[in-house]
Amino acid sequence: MSKVLFQHIYKQYAGEQRVAVKDFHLEIEDGEFLVLVGPSGCGKSTLLRMLAGLEDISEGNIIIGDRIVNYISSKDRNIAMVFQNYALYPHMTVYENIAFSLRLSKLPKAEIHERVNRAAKILDIESQLHKLPKQMSGGQRQRVALGRAIVREPEVFLLDEPLSNLDAKLRIQMREEIGKLYRRLRTTTVYVTHDQVEAMTMGTRIVAMKDGVIQQVAKPEEIYSR
Ligand code: ADP
Ligand code: ADP
64 MSKVLFQHIY
74 KQYAGEQRVA
84 VKDFHLEIED
94 GEFLVLVGPS
104 GCGKSTLLRM
114 LAGLEDISEG
124 NIIIGDRIVN
134 YISSKDRNIA
144 MVFQNYALYP
154 HMTVYENIAF
164 SLRLSKLPKA
174 EIHERVNRAA
184 KILDIESQLH
194 KLPKQMSGGQ
204 RQRVALGRAI
214 VREPEVFLLD
224 EPLSNLDAKL
234 RIQMREEIGK
244 LYRRLRTTTV
254 YVTHDQVEAM
264 TMGTRIVAMK
274 DGVIQQVAKP
284 EEIYSR
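What follows is the structure, encoded as structure tokens:
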């Protein structure tokens, strides 16, 4: 769990006239669930990718905990990301999918085993560990994707529209499950959505963006009371 500071961040993609992110300045507290909302193209994914180290910053600093991470590679940032298309490995079992990143980091087997089982228990997929992703429902697969993220015990969680491919009923259910997971782990989270309801129900704070610029930063109750 760590605080995150975006210090006057600018992003201009190579060969583009438009600035994708302009003077984005924000401190995210330890253990916050920050929601980024805004229309398509406003710069949400760009911000997440810069935070994850998957995209260079044009100007400014990103600080995680007490480290400036601008020049720290993605794999050396303790950040886990969940996308809308869960991107599970189809030929690996659920167990292997969840264990994969830990195997890469060369953790001892016993530790991997313990962590995978703990994550599976939290997500209630203990009985599914031997299955292949295609043998599971959409909601269960989304749980596996979350399992892959939490098993790393990251400092920061990034979720990029994780529910947008799910049907309405499952979306509501997964929204609640992600909320529950957050209340249990209290990991600093940045959650991107263009769904107002998700933003209002899930976030401890909401940042509304437009054209790469912050329009508003508010707590859900402040938005309700307007
Ligand atoms: P959002 O996630 O809010 O939909 P993005 O961060 O994807 O917004 O995009 C912000 C802006 O940056 C858009 O104008 C988009 O076209 C542009 N953009 C995103 N990715 C790239 C890229 N790889 N190369 C050039 N421009 C990009
Ligand atoms: P090793 O990698 O030496 O074979 P592991 O303890 O990682 O030892 O597990 C062996 C294999 O058994 C794994 O590759 C995994 O596919 C499977 N496995 C381990 N634990 C479980 C479990 N709880 N449920 C389902 N499959 C499991």
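Residue numbers (my numbering): 64 to 289. Glycine residues also receive a C-beta, built at the ideal position from the N, C-alpha and C atoms.
Residues of the same chain with a CB within less than 6 Å of the CB of A143, apart from the 5 flanking positions on each side, are A212, R215, P217 and F220 in chain order. For T267, same chain residues with a beta-carbon under 6 Å away, outside a window of 5 residues either side, are E95 and F96 in chain order. Contact check between the region 244-263 and the region 220-232: three or more CB pairs, one atom from each, fall below 8 Å, which counts as touching.
Sorted by position in the chain, Y76, E79, R81, A83, G101, S103, G104, C105, G106, K107, S108 and T109 make up the residues whose C-beta lies under 6 Å from a heavy atom of ligand 1. CA-to-CA, the gap between L186 and A271 works out to about 30 Å. Judged by DSSP secondary structure, Q70 falls within the beta strand (DSSP E) whose first and last residues are V67 to K74. Beta-bridge pairing by DSSP links F96 to T252. Along the length of the region 185-245, whole alpha helix (DSSP H) runs at least 4 residues long occupy 201-213, reported in chain order. With contacts defined as CB atoms closer than 8 Å, V253 and L99 qualify as a contacting pair. For L110, the uninterrupted alpha helix (DSSP H) segment begins and ends at K107 to A115.
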